[in-house]
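Residue numbers (my numbering), protein chains in the order written: chain A, 194 to 605; chain B, 194 to 605. Below you'll find the structure, written out as structure tokens, and then a few comments.
Protein chains: 2
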Amino acid sequence: MKSAILTVGTELLFGQITNSNSVYLSQQLNNLGIDVLYHYTVGDNPKRLAEMIRQAFADCDLVITTGGLGPTQDDLTKEIAAEMLNDELILHQDILSKLESYSKRANRVLTNNNRKQAFLPSRAVRFDNELGTAPGFALEDKGRTIICLPGPPGEMTQMFEQKVKPYLQEKTEDVIYYKIIRTFGIGESMLETELKQWIDGQTDPTLATYAKEGEAYLRITSKRSTLEEAQAAVDDMIENINQKIGQYIYSYDGEDLYEVVGKKLLEKNISISSAESCTGGLFAKTLTDLPGISAVYDRGFVTYSNKAKMEELGVKAETLEKFGAVSEETAIEMTKGLKKVTGSRLCISVTGIAGPGGGTEEKPVGLVYICASLDDKIICKEFRIRNISRSWNRNYALLCMLDMVNRLIDQA
Amino acid sequence: MKSAILTVGTELLFGQITNSNSVYLSQQLNNLGIDVLYHYTVGDNPKRLAEMIRQAFADCDLVITTGGLGPTQDDLTKEIAAEMLNDELILHQDILSKLESYSKRANRVLTNNNRKQAFLPSRAVRFDNELGTAPGFALEDKGRTIICLPGPPGEMTQMFEQKVKPYLQEKTEDVIYYKIIRTFGIGESMLETELKQWIDGQTDPTLATYAKEGEAYLRITSKRSTLEEAQAAVDDMIENINQKIGQYIYSYDGEDLYEVVGKKLLEKNISISSAESCTGGLFAKTLTDLPGISAVYDRGFVTYSNKAKMEELGVKAETLEKFGAVSEETAIEMTKGLKKVTGSRLCISVTGIAGPGGGTEEKPVGLVYICASLDDKIICKEFRIRNISRSWNRNYALLCMLDMVNRLIDQA
Numbered sequence: 194m195k196s197a198i199l200t201v202g203t204e205l206l207f208g209q210i211t212n213s214n215s216v217y218l219s220q221q222l223n224n225l226g227i228d229v230l231y232h233y234t235v236g237d238n239p240k241r242l243a244e245m246i247r248q249a250f251a252d253c254d255l256v257i258t259t260g261g262l263g264p265t266q267d268d269l270t271k272e273i274a275a276e277m278l279n280d281e282l283i284l285h286q287d288i289l290s291k292l293e294s295y296s297k298r299a300n301r302v303l304t305n306n307n308r309k310q311a312f313l314p315s316r317a318v319r320f321d322n323e324l325g326t327a328p329g330f331a332l333e334d335k336g337r338t339i340i341c342l343p344g345p346p347g348e349m350t351q352m353f354e355q356k357v358k359p360y361l362q363e364k365t366e367d368v369i370y371y372k373i374i375r376t377f378g379i380g381e382s383m384l385e386t387e388l389k390q391w392i393d394g395q396t397d398p399t400l401a402t403y404a405k406e407g408e409a410y411l412r413i414t415s416k417r418s419t420l421e422e423a424q425a426a427v428d429d430m431i432e433n434i435n436q437k438i439g440q441y442i443y444s445y446d447g448e449d450l451y452e453v454v455g456k457k458l459l460e461k462n463i464s465i466s467s468a469e470s471c472t473g474g475l476f477a478k479t480l481t482d483l484p485g486i487s488a489v490y491d492r493g494f495v496t497y498s499n500k501a502k503m504e505e506l507g508v509k510a511e512t513l514e515k516f517g518a519v520s521e522e523t524a525i526e527m528t529k530g531l532k533k534v535t536g537s538r539l540c541i542s543v544t545g546i547a548g549p550g551g552g553t554e555e556k557p558v559g560l561v562y563i564c565a566s567l568d569d570k571i572i573c574k575e576f577r578i579r580n581i582s583r584s585w586n587r588n589y590a591l592l593c594m595l596d597m598v599n600r601l602i603d604q605a
Numbered sequence: 194m195k196s197a198i199l200t201v202g203t204e205l206l207f208g209q210i211t212n213s214n215s216v217y218l219s220q221q222l223n224n225l226g227i228d229v230l231y232h233y234t235v236g237d238n239p240k241r242l243a244e245m246i247r248q249a250f251a252d253c254d255l256v257i258t259t260g261g262l263g264p265t266q267d268d269l270t271k272e273i274a275a276e277m278l279n280d281e282l283i284l285h286q287d288i289l290s291k292l293e294s295y296s297k298r299a300n301r302v303l304t305n306n307n308r309k310q311a312f313l314p315s316r317a318v319r320f321d322n323e324l325g326t327a328p329g330f331a332l333e334d335k336g337r338t339i340i341c342l343p344g345p346p347g348e349m350t351q352m353f354e355q356k357v358k359p360y361l362q363e364k365t366e367d368v369i370y371y372k373i374i375r376t377f378g379i380g381e382s383m384l385e386t387e388l389k390q391w392i393d394g395q396t397d398p399t400l401a402t403y404a405k406e407g408e409a410y411l412r413i414t415s416k417r418s419t420l421e422e423a424q425a426a427v428d429d430m431i432e433n434i435n436q437k438i439g440q441y442i443y444s445y446d447g448e449d450l451y452e453v454v455g456k457k458l459l460e461k462n463i464s465i466s467s468a469e470s471c472t473g474g475l476f477a478k479t480l481t482d483l484p485g486i487s488a489v490y491d492r493g494f495v496t497y498s499n500k501a502k503m504e505e506l507g508v509k510a511e512t513l514e515k516f517g518a519v520s521e522e523t524a525i526e527m528t529k530g531l532k533k534v535t536g537s538r539l540c541i542s543v544t545g546i547a548g549p550g551g552g553t554e555e556k557p558v559g560l561v562y563i564c565a566s567l568d569d570k571i572i573c574k575e576f577r578i579r580n581i582s583r584s585w586n587r588n589y590a591l592l593c594m595l596d597m598v599n600r601l602i603d604q605a
């Protein structure tokens with residue numbers, strides 16, 4: 194199957210937002226074995242939108258649109274999709290009722306614009322929107338399929354995952370199986386070099402490397418006539434890869450590092466607390482992104498000022514004076530103090546220079562000390578993060594913290 | 194002038210990289226008063242590339258391409274651009290000499306593919322590449338202009354900034370001026386309804402509304418013959434808008450709410466500390482995204498467990514037992530305790546149910562209490578956030594916290 198992705202939104206043409214929908218959909222479609230030939234982006238202009246859909250169908254049998262399904266009068270994707278695939282919009286009473294009760298709860302008036310969202314092409318396969326008001330749908334005509342999805346990435350990705358993927362899987366013949374391998378501590382180009390023999394000679398399974406803020410990851414995909422064959426091909430490749438770069442791998446299922454760490458903490462019932470300076474709560478925030486983590490996460494301190502480090506964690510004034518707030522000594526005292534205050538089995542602290550200001554020749558922006566203890570074991574490491582930006586530096590420090598915790602738990 | 198941006202690269206269609214070139218060029222072109230009608234992305238396929246250029250010129254007088262100028266045989270953008278604009282490639286001897294000496298230095302053989310980079314359309318305005326080997330160029334024919342730039346973002350942006358911008362400025366007459374107005378507490382469709390009279394009758398300045406996680410914002414754009422005229426038109430419109438929805442506006446310069454709050458805290462030198470339960474450090478993390486905030490941000494507590502709420506903030510066991518951790522009473526005690534521990538002028542605490550689990554009929558997921566104090570003034574509010582997802586709920590609670598702090602500071 195050949196496809197085009199068409200994202201609708203003036204804000205994209207103004208450069209106000211990054212086109213994350215095209216990235217996500219490209220990955221997903223490729224994972225399903227569907228070739229992506231084009232990305233198109235157009236504003237809220239019906240004539241141009243229609244022209245693009247027409248052009249896409251010259252080469253493709255599938256067009257996926259995002260955006261333009263909302264309540265404003267500029268939102269015309271649905272109307273145009275119906276017209277081009279010879280269909281008409283009809284009212285879905287249950288959607289209208291849902292919109293009405295939602296407006297009532299929110300103490301808002303249901304405008305005519307809002308009402309528009311309850312209309313869909315008559316032959317459409319409907320995809321309900323559990324996170325927003327605009328439903329998505331698939332519509333077929335003469336071997337051409339158009340799938341219209343909402344623009345907000347959260348709504349779009351959930352709808353794709355839960356509804357569009359099964360719908361598309363039924364349409365494809367070969368079975369696709371893939372695994373996403375997540376790594377930390379190895380760059381994308383080094384990863385590519387290490388795995389060159391399989392990337393270059395790839396027919397099936399195929400290997401592709403991707404870069405993500407501070408991380409590199411791998412997708413291994415096999416397209417076979419049965420699921421068993423595809424799985425076996427991917428598993429064999431994973432064995433090869435493990436021998437080359439196993440020490441950098443933290444997940445074989447595409448999970449984020451914080452999820453891997455959080456789940457292990459829950460599984461092994463290890464209590465944890467954190468004390469952060471340069472990351473300013475990013476570690477606590479990220480770990481508590483995981484639902485249910487309250488069973489093991491006790492508390493966190495954001496000891497931004499020196500006073501807070503002394504009062505909350507008992508860091509000594511002399512230590513701060515002699516070695517500075519950003520030092521191995523301070524990090525160790527933070528973790529020891531945290532342990533004393535909380536009694537948590539796992540304690541982790543971080544102190545560093547996030548930038549852009551505050552760096553010196555001796556202690557440059559990006560210098561970070563992380564100290565973690567598990568029961569009686571304590572380790573402290575210095576990191577010199579390549580200074581790219583405050584947000585990059587903080588995020589990289591977070592990954593270093595999670596990586597350290599992950600390895601500590603594995604040794605427990 | 195009307196333009197299309199055409200990015201060439203298979204890695205974009207695989208979703209391996211984000212299309213940052215389109216974002217950058219869209220911003221730059223809009224700032225120059227050049228409308229962007231389309232983004233196109235295509236792989237290394239000459240037929241499709243030619244088809245896209247042809248389609249773009251149906252509506253546009255300017256097409257900017259990135260990518261496909263490199264040394265491999267797949268790189269064909271230049272050849273196709275020349276063909277479509279009725280020109281031929283000719284050898285630039287000085288580029289070839291540069292390539293030859295570069296290969297020599299790198300101890301490499303100059304292949305025929307490499308040599309390809311020394312050829313340009315005969316009528317092209319050449320843009321030398323100071324960071325890489327592939328030069329860019331502009332080519333005109335019968336009122337149509339194509340500008341071909343290299344794909345690597347670093348090379349492309351430097352070439353645009355130094356060479357393409359002056360080239361385009363000479364071609365444009367009008368001046369563009371715009372403002373981004375950020376709001377909180379009003380939805381996008383309500384915003385549109387309130388401003389309908391100006392959105393519908395828009396010629397200049399134009400108004401456009403956008404939605405962003407939990408927020409709606411507005412872009413007001415004027416295109417006039419002088420900067421003064423454009424500024425005056427935008428400023429007049431802002432006065433109108435202020436009268437309608439002024440109470441929801443927190444920025445007239447596109448700044449994020451946390452930036453607005455952080456800058457006010459710094460400007461007024463108001464010390465601040467935070468205590469978080471359901472947001473798990475998100476408030477602390479977000480406020481400390483701002484460089485220099487350490488001058489006023491003292492510390493934060495992530496009191497996730499009840500034990501932590503009692504030990505760190507002095508919340509009474511009876512309060513937690515009688516009213517629960519998610520209650521007005523607990524929020525107030527958290528803030529009072531925080532004030533006692535830190536002495537910060539501004540203290541803010543939050544407790545709520547982020548979900549997906551933990552909700553009851555009486556206390557559903559999305560129920561949040563936020564309590565803030567500034568000097569002797571203390572306020573506490575209940576929020577019932579529409580439960581979309583854990584991450585949405587936490588983010589919306591964060592915005593409510595920032596909004597409360599912002600209004601408190603304004604009253605100080």
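Virtual Cβ for every residue (Gly too), placed ideally from N, Cα, C. Keep in mind that this is a model prediction, so the values were computed, not measured.
Would you say residue i lies against chain B (beta-carbon separation less than 8 Å)?
i	result
A:S520	no
A:G347	yes
A:T396	no
A:G493	yes
A:P328	no
A:P154	Given that chain A is displayed from residue 194 to residue 605, the structure contains no residue 154 of chain A and the question cannot be resolved.
A:R375	no
Starting from residue i, follow the beta strand (DSSP E) in both directions and report where the run begins and ends.
i	result
B:I283	L282 to L284
B:P314	F312 to P314
B:L255	L255 to T259
B:F494	Y490 to T496
Can you list the residues of chain B that residue i reaches, using a CB-CB cut of under 8 Å?
i	result
A:T304	S382 and T386
Would you say residue i faces chain A, with C-beta separation under 8 Å as the test?
i	result
B:I581	yes
B:N588	no
B:S219	yes
B:D321	no
Give the single residue among the options whose Cα lies nearest to the Cα of residue i.
i	options	result
B:L206	B:G236, B:I525 and B:L222	B:G236
A:L342	A:A488, A:S215 and A:D254	A:S215
B:A477	A:L483, A:Y497, A:Y490 and A:D254	A:Y497
B:E366	B:G226, B:L592, B:L199 and B:I602	B:G226
A:I602	A:G485, A:Y451 and A:K356	A:Y451
A:D482	B:A426, B:N586, B:K457 and B:N599	B:N586
B:I369	B:M594, B:D228 and B:N212	B:D228
A:T203	B:V495, B:A404 and B:A510	B:A404
Identify the continuous alpha helix (DSSP H) that holds residue i and give its terminal residues.
i	result
B:F516	A510 to F516
B:V454	L450 to K461
A:V598	R583 to Q604
Run through chain B and tell me which residues come within less than 7 Å of residue i, C-beta to C-beta.
i	result
A:K478	G473, G474, L475 and K478
A:S294	None at all; the shortest Cβ gap to chain B is about 12 Å.
Note down, in chain order, every chain B residue with its Cβ under 9 Å from the Cβ of residue i.
i	result
A:H285	Correct list: empty, because the minimum Cβ distance to chain B is about 19 Å.
A:Y231	L206, Y233, T234, V235, G236, R241 and M245
A:L324	I581, S582 and W585
Please classify residue i as buried or exposed, where buried requires at least 16 neighbouring CB atoms within 10 angstroms.
i	result
A:V201	buried
A:K389	exposed
B:A488	exposed
B:T528	buried
B:Y295	exposed
A:E526	buried
For a contact meaning CB atoms closer than 9 Å, what does residue i contact in chain A?
i	result
B:Y490	G473, V495, Y497 and S498
Using a cut-off of 8 Å between C-beta atoms, extract the partners of residue i located in chain A.
i	result
B:S487	Y497 and S498
How would you list, in chain order, the residues of chain A whose beta-carbon sits under 7 Å from the beta-carbon of residue i?
i	result
B:Y443	Here the premise fails: no neighbours, minimum Cβ distance about 18 Å.
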